[in-house]
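Numbering (my numbering), first residue to last: 83 to 269. Glycine included, every Cβ here is placed at the ideal spot set by N, Cα and C. First comes the structure, then the notes that go with it.
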Amino acid sequence: VDNVCLEGACEGDFSPVTPGFHALPGSPFGIPVSWLSEEGTWKIVVLHDSGLSVGEGRGGNALQWETLIEWNASPGSSNQPFDAMENIDGGVIAVFPRGEELWFYNSKSLLPVNGVIDSSAGTSPRPAMTLDSQRKIHVSYFHEPSGTLKYARLEDSGWVIEAVPLPTSPCPTEDCGENRAYGAPSD
């Protein structure tokens with residue numbers, strides 16, 4: 083596909099890449115998770131080979147980038163699905179894989195909850211995160227070694243992890259092909 087600019091988006095400091103995607107000036111290479119804050123500013127969190135970074139501002143050219151957490155380069159981190167969102171205090175919370183571990187990070191906390199949720203989650207846990215009405219953090223992820231869906235919630239005492247019981251197949255009968263546990267990767 084040739085490089086294209088959609089509706090004048092390549093004007094200014096934007097670099098054309100593929101249709102619908104545009105490189106932001108100063109952004110690290112990786113998969114982004116983004117949202118518009120209540121104050122009307124964009125927050126874009128990027129998991130990359132050497133850490134987790136956030137860009138914040140009113141537009142692509144005005145984003146200010148900051149490294150939230152940094153580690154020695156870990157090739158392959160930048161293409162792993164992860165989740166991030168704004169916490170009630172305006173900080174960034176994120177859940178992401180690192181090697182075989184599943185990590186949690188809160189940019190406004192120095193508490194011991196920053197770090198490993200599950201030390202044996204596998205290399206592709208595909209985590210999802212939410213906050214409940216009591217502002218507690220909940221994470222679901224695929225636990226590769228056991229082939230199960232796991233649910234973790236952050237309590238005052240730390241992370242509590244449970245396996246989620248699932249049927250082996252979404253089909254009521256055996257006539258819809260090979261049975262796989264929900265969440266199991268396909269070939």
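Thinking just about the alpha-carbon of each residue, which of Ile199, Ala245, Ile175 and Ser191 is nearest to the one in valine 136? Selected option, being the one with the closest Cα: Ile175.
List the residues that DSSP assigns as beta-bridge partners of arginine 235. Residue pairing for arginine 235: DSSP places it in a beta bridge opposite His220 and Val242.
Beta-bridge partners of glutamine 197, as assigned by DSSP: The question names glutamine, yet the displayed sequence has glycine at residue 197. Per the DSSP secondary-structure output, glycine 197 pairs in a beta bridge with Phe186.
State the CB to CB distance for the pair lysine 125 and serine 116, rounded to an integer number of angstroms; the pair is presumed to be in contact (CB under 8 Å). In this structure lysine 125 touches serine 116 by the C-beta definition: roughly 7 Å separates them, less than 8 Å.
Looking only at DSSP bridge pairs, what is threonine 212 linked to? BP columns for threonine 212 point to His220.
Reduced DSSP category for alanine 144 - H, G, I as helix; E, B as strand; rest coil: Taken through DSSP and simplified to helix, strand or coil, alanine 144 comes out as helix.
Express the C-alpha separation of phenylalanine 186 and asparagine 196 in angstroms, rounding to a whole number. Asparagine 196 and phenylalanine 186: Cα-Cα distance of roughly 5 Å.
My assumption, with CB atoms under 8 Å, is that glutamate 237 sits in contact with alanine 203. Please give the rounded CB distance. 19 Å between Cβ atoms; not a contact.
Compute the distance between the beta-carbons of proline 205 and proline 179, then report whether it is under 8 Å. Looking at the sequence itself, residue 205 is threonine, so the reference to proline does not match. Cβ atoms of threonine 205 and proline 179: closer than 8 Å.
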